[in-house]
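Student:
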Amino acid sequence: PAQPAPAPAAPLFGTQLYGWGQYYSRAGRNLNDHLDEVLSAVRDTGFDYAEHGLDAARPELNAAFADRLRAKGLRPVSLYTGGRLHEPGRAMETAARLATAAEAARAAGFEVLVCNPDPIGRAKTDEELHAQAAALQALGARLNAAGMRLAIHHHTPELADGAREFHFNFRHSPADVVGFCYDVHWVFRGGLQPDAVLPEYGPRVASWHLRQSRGGTWWETLAAGDVDYPAVARFARAHGLPPCWTVELALEEGTQVTRSVVENHRLSLQYAREVFAG
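Note that the sequence shown covers residues 172 to 449 in our numbering.
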């Protein structure tokens, strides 16, 4: 008899600590000096996990961060990193350094490494992009072997020139090795709508970053706005994409802040649950 289809994974909802750091900076405080306080707030708000930066210089500190998460009732799920992965002759060394740190993170329970290759202030040459694609494959292969997923993230530099670097990273690497952290709003800001991204790259998605704008300016909460998140949720459900939803609020010039960081994250999580787990 045919085997039953596996049950879909239960959705996980997390928060990227970048936005929390912005609010703390506005108050003249450093996020890392108040990390336990922030993690308590993340837990009390109802999130499952918090995403912070990978420590590539001191891999053992990634395990220490996992312990801090668990002590607050949170899960180690994903970490974020950059990396100069485009330099011919040095890209593989950078990939190996990131992989060593990520392997320590995986041993501590983390499941996804979100990586945004460093922008360099100009378009990368074809040689640099080929070096980057090869380094991403090497990094992804080592993570796969450790039971972890590589998820490439993008800001607007990678979406320039008709999204040249964005497409290059994916079209020159296998989908089962180089995955995708779909930061829906950054890609939207770079000129690509979800319906132009998901059909081709949806199968690569390992995690999501969620932010919203209204009239092109970042909104203080995740809510209805410029990006049609209900349509994204419908596609994700229909295609069984990993439900690893990371709310990443952020402030820019023009963002109207009317509530506390905790209240904005509480409202954002409420919206995310309604849209992505409803």
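Ideal placement from N, C-alpha and C gives every residue a C-beta, glycine not left out.
All figures in this text were calculated on a predicted structure; none of them were measured in a lab.
Could you tell me the boundaries of the alpha helix (DSSP H) in which His301 lies?
Tutor: Taken as a continuous stretch (DSSP letters only), the alpha helix (DSSP H) holding His301 covers Asp297 to Ala317.
Student: For Glu336, tell me which candidate among Tyr194, Ala316, His301 and Leu232 has the shortest Cα-Cα distance.
Tutor: Answer by Cα proximity: His301.
Student: Give the range of the alpha helix (DSSP H) segment to which Gln441 is assigned.
Tutor: Counting along the chain, the alpha helix (DSSP H) containing Gln441 begins and ends at Val432 to Phe447.
Student: For Trp390, does the three-state DSSP call read helix, strand or coil?
Tutor: Looking at Trp390 - three-state DSSP - the assignment turns out to be coil, as it is neither helix nor strand.
Student: When every heavy atom of the ligand FMN is checked, does at least one fall within less than 7 Å of the C-beta of Glu208?
Tutor: Absence of the ligand FMN from the depicted structure is noted, as is the absence of any ligand whatsoever, leaving it without description.
Student: Leaving aside the five residues before and after Arg320 along the sequence, list all residues of the same chain whose C-beta is less than 6 Å from its C-beta, in chain order.
Tutor: Result list for Arg320: Val283, Gly350 and Ala377, in chain order.
Student: Does the contact criterion of 3 or more C-beta pairs under 8 Å hold for the region 415-425 versus the region 188-204?
Tutor: Yes, the region 415-425 is in contact with the region 188-204.
Student: Quick one: measure Cβ to Cβ for Pro288 and Gly254, integer angstroms, because I've assumed they're closer than 8 Å.
Tutor: Confirmed, Cβ separation roughly 6 Å.
Student: Below 8 Å, how does it come out for the region 376-392 and the region 425-436: are there three or more Cβ pairs, yes or no?
Tutor: Output reads yes: the region 425-436 touches the region 376-392.
Student: Once DSSP output is grouped into helix, strand and coil, what is the label at His380?
Tutor: Strand, per DSSP.
Student: Could you round the C-beta distance between Ser249 and Val213 to whole angstroms and report it? I think they count as a contact, below 8 Å.
Tutor: With 8 Å as the limit, Ser249 and Val213 do not qualify as a contact, their Cβ atoms being about 14 Å apart.
Student: Under the rule that 16 or more other beta-carbon atoms within 10 Å means buried, what is Gly333, buried or exposed?
Tutor: So Gly333 ends up on the exposed side.
Student: Could you give the distance in angstroms between the alpha-carbon of Arg437 and the alpha-carbon of Leu202?
Tutor: Computed Cα separation, rounded: 19 Å.
Student: Which residues bound the beta strand (DSSP E) around Gln187?
Tutor: Segment Leu183 to Gln187, the beta strand (DSSP E) holding Gln187.
Student: Based on the DSSP secondary-structure assignment, which residues constitute the bridge partners of Trp416?
Tutor: According to DSSP, Trp416 bridges with Phe184 and Trp379.
Student: Where does Thr429 sit, in a helix, a strand or coil, going by DSSP?
Tutor: Thr429: coil per DSSP, three-state reduction.
Student: Compute the distance between the beta-carbons of Phe218 and Leu381, then report whether it is under 8 Å.
Tutor: No, Cβ-Cβ distance for Phe218 and Leu381 is not below 8 Å.
Student: Can you check whether the CB of Ala279 is closer than 8 Å to the CB of Asn233?
Tutor: Yes.
Student: Give the range of the alpha helix (DSSP H) segment to which Leu269 is assigned.
Tutor: Start and end: Ala262 to Ala278.
Student: Is it true that the CB of Ala402 sits closer than 8 Å to the CB of Pro365?
Tutor: Yes, they are a contact pair.
Student: Taking the straight line between their C-alpha atoms, what separation do you get for Thr265 and Leu256?
Tutor: Cα-Cα distance, rounded: 6 Å.
Student: With the cut-off set at 8 Å, would you say Phe341 and Ala404 are in Cβ contact?
Tutor: No, these two residues do not count as a Cβ contact at 8 Å.
Student: Among the residues of its own chain, which have a CB less than 7 Å from the CB of Asn435, if the five just before and after it don't count?
Tutor: Only Glu391, Thr392 and Leu420 meet the Cβ criterion.
Student: Hey, Ala275 and Pro230 are a contact pair by Cβ (cut 8 Å); roughly how many whole angstroms apart?
Tutor: Confirmed, Cβ separation roughly 4 Å.
Student: Would you say Asp215 and Arg239 are within 8 Å of each other, going by their C-beta atoms?
Tutor: Contact: no.
Student: On the three-state DSSP scale, how would you describe Asp219?
Tutor: Note: Asp219 maps to coil in three-state DSSP.
Student: Are the CB atoms of Ala273 and Val314 within a distance shorter than 8 Å?
Tutor: Contrary to the premise, residue 314 reads as Leu rather than Val in this sequence. Yes, these two residues count as a Cβ contact at 8 Å.
Student: List the whole-angstrom C-beta distance separating Phe184 from Trp379, where the pair is believed to meet the contact cut-off of C-beta under 8 Å.
Tutor: About 10 Å; that fails the 8 Å criterion.
Student: Spatial neighbours of Ala331 within its chain, please: CB distance less than 7 Å, with the 5 preceding and 5 following residues excluded, ordered by chain position.
Tutor: For Ala331, where only same-chain residues beyond five positions count, the Cβ hits under 7 Å are Ala294.
Student: Give the DSSP-derived three-state secondary structure of Ala404 in the structure shown.
Tutor: Reduced to three states, the DSSP call for Ala404 is helix.
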